[in-house]
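346 is the number of the first residue of the sequence shown in the numbering used here; add one for each residue after it.
Notes to accompany the following structure.
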Amino acid sequence: WARRAHDAAKPLGERPLTASAAGLLSLAAVFDGAIADAEAARSEGAALVDSMTADELAPCLDFAVDTLAASDLYLDRFEEAGTRAGRALEIARATGQGQVLPILFWSGIIRSRRGRLADAAEILETAIEIARLTGHAEGMAWNLFARSLAATAAGDVETALATGEESVEALRGLDKSFPA
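Here you go:
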């Protein structure tokens with residue numbers, strides 16, 4: 346479906362739509378192990394996203410910038426992932442989207458992977474609180490899972506276990522979902 350979305354978006358000439366489709370395609374391809382396809386879509390998406398203003402990106406942060414940052418992470422482009430996640434979070438906060446859980450999730454995951462564990466913990470704690478207040482079980486589970494990973498990396502076994510267990514509990518009774 347990501348390939349079809351990309352193929353449909355490209356001829357329309359709408360940069361936000363094409364950037365979103367390229368980001369989604371890159372992440373889907375990297376998860377599928379199609380690294381060459383992931384790199385190609387990432388390159389296209391990066392060229393678009395990097396040339397777009399914050400105003401152009403604001404409506405498509407989650408799909409254009411955030412999925413591209415996640416793709417960068419899984420393609421071992423850690424610097425680019427950090428830069429993109431930082432930009433997504435900055436624009437999100439400036440445009441009233443600072444509560445968007447996927448942006449917080451990937452910002453936390455990427456900071457954790459880059460060794461910025463205190464920053465990751467702070468972002469993920471914010472995401473967990475937002476998910477609790479809004480009753481978003483999957484958002485809470487994903488961000489608790491990410492918080493568990495950050496705590497593990499920091500050597501905080503107690504927090505890692507508590508957040509890991511709570512992540513699983515948050516999805517109890519729902520359809521099977523990662524991370525539970």
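Glycine included, C-beta positions come from ideal geometry on N, C-alpha and C.
In the structure shown, the three-state DSSP call for Asp-377 is helix. Pro-361 counts as buried, since at least 16 other C-beta atoms from the protein chains shown sit within 10 angstroms of its C-beta. Leu-357 and Arg-348 have their alpha carbons spaced roughly 15 angstroms apart. Only residues of its own chain outside the window of five on either side were considered, and among them Phe-423, Ala-426 and Gly-427 have a CB closer than 8 angstroms to the CB of Arg-459, listed in chain order. When C-alpha distances from Arg-517 are compared across Ala-486, Gly-500 and Asp-352, the shortest belongs to Ala-486. Under the DSSP assignment, Leu-494 falls in the alpha helix (DSSP H) whose first and last residues are 482 to 499.
Secondary structure at Gly-509: helix, using DSSP grouped into helix, strand and coil. Collapsing the DSSP output to three states places Val-410 in a helix.
Secondary structure of Arg-422 (DSSP, three-state): coil. The beta carbon of Asp-395 sits closer than 7 angstroms to no other beta carbon from its chain once the five residues preceding and following it are set aside. DSSP, read as helix, strand or coil, puts Leu-362 in helix.
One alpha carbon belongs to Ala-350, the other to Ser-416, and they sit about 17 angstroms apart. In its chain, beyond the 5 residues on either side, Ala-399, Leu-402, Ala-403 and Leu-406 have a beta carbon closer than 7 angstroms to the beta carbon of Ile-436.
By the beta-carbon neighbour count (other beta carbons within 10 angstroms, threshold 16), Arg-387 is buried.
If you ignore the 5 residues before and after Gly-368, its C-beta comes within less than 6 angstroms of the C-beta of Gly-390, Phe-408, Ala-409, Thr-412 and Leu-413, all in its own chain and listed in chain order. Contact check for Leu-434 and Ile-448: beta-carbon distance about 6 angstroms, within the 8 angstroms limit, so the pair qualifies.
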